[in-house]
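K.L.:
Okay, here's the structure, questions in a sec.
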Amino acid sequence: MSLILLLLLLLLFGLSFFGVGSVREEVSVAVVVASPPVGQVATDGWTLVAGDDYTGVIVPEEEAADFVAAAGWDEAIEFWTPAPGDVAALEEAFDAAWAEQPATADGRFADPREHRRQYVGTVVDGRRLIEVNGFCDPHGADWTSEPVVVLDGGAGFYRATWDVEGGEYLALTVNGEA
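Here this note's numbering runs 133 ahead of the position in the sequence shown, where the first position is 1.
Next comes the structure, spelled out in structure tokens:
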């Protein structure tokens, strides 16, 4: 890895050291971090799930309380682990719920298909819910193993609450802008 970085630096700053002359090219380097296959456990036991229009992770019951505390959500006192089928059901109804959201102040609305999601199973007043933390940019967090918490941020960030037994969204709130 360090040899690759050394070679890239040489390309970036010129190869005159080797008698090639001054080469000034823009070099773009992409670092790809592989996610586990869909349905497999990502780091820290979070399961990766995906469909045609979504990619996310299911937070396991044993980590849900810490997730909810970090995110500043305080309604739930009980937790459970959603199944991939539960996530597929809420995602199937997502487009209709998203379409009901008002556009942002500048008239644009982020494309939810580009968002990543974190799914947390909660129990509130005896009802099994799935809290969805949606975001376009994890802001440096490893979204497959830690909560992504953003204050404001606009249409690129939202929270949704899905009633599993009722098969409906109880809330979908898009973040505001500071």
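Note that CB positions come from ideal geometry on N, CA and C, so glycine has one too.
Taking the CB atoms as reference points, tell me whether G184 and A222 lie closer together than 8 Å.
P.N.:
No, the pair does not count as a contact, with Cβ atoms beyond the cut-off.
K.L.:
Please list the terminal residues of the continuous beta strand (DSSP E) segment that includes E211.
P.N.:
Per DSSP, E211 belongs to the beta strand (DSSP E) from E211 to W213.
K.L.:
Quick check on this structure: which residue in G259, W231 and G178 has the alpha carbon closest to the alpha carbon of H248?
P.N.:
When only C-alpha atoms are compared, the closest one is W231.
K.L.:
Would R246 and G267 qualify as a contact pair, given that the criterion is a beta-carbon distance under 8 Å?
P.N.:
No.
K.L.:
In its own chain, which residues sit with a C-beta less than 6 Å from the C-beta of A274, not counting the 5 before and 5 after it?
P.N.:
Closer than 6 Å at Cβ, skipping near neighbours: V281.
K.L.:
Can you tell me the Cα-Cα spacing of F200 and T277, whole angstroms?
P.N.:
Approximately 12 Å, taken between the alpha carbons.
K.L.:
Using the Cα positions of S135 and P271, report the straight-line distance between them to the nearest angstrom.
P.N.:
At S135 the pLDDT is 45, less than 50, meaning the model places this residue with poor confidence; the figure from the coordinates comes in the next sentence. One C-alpha to the other measures close to 27 Å.
K.L.:
Is it right to say L303 is buried, meaning 16 or more other beta carbons lie within 10 angstroms of its own, or is it exposed?
P.N.:
Answer is exposed; the Cβ neighbour count stays below 16.
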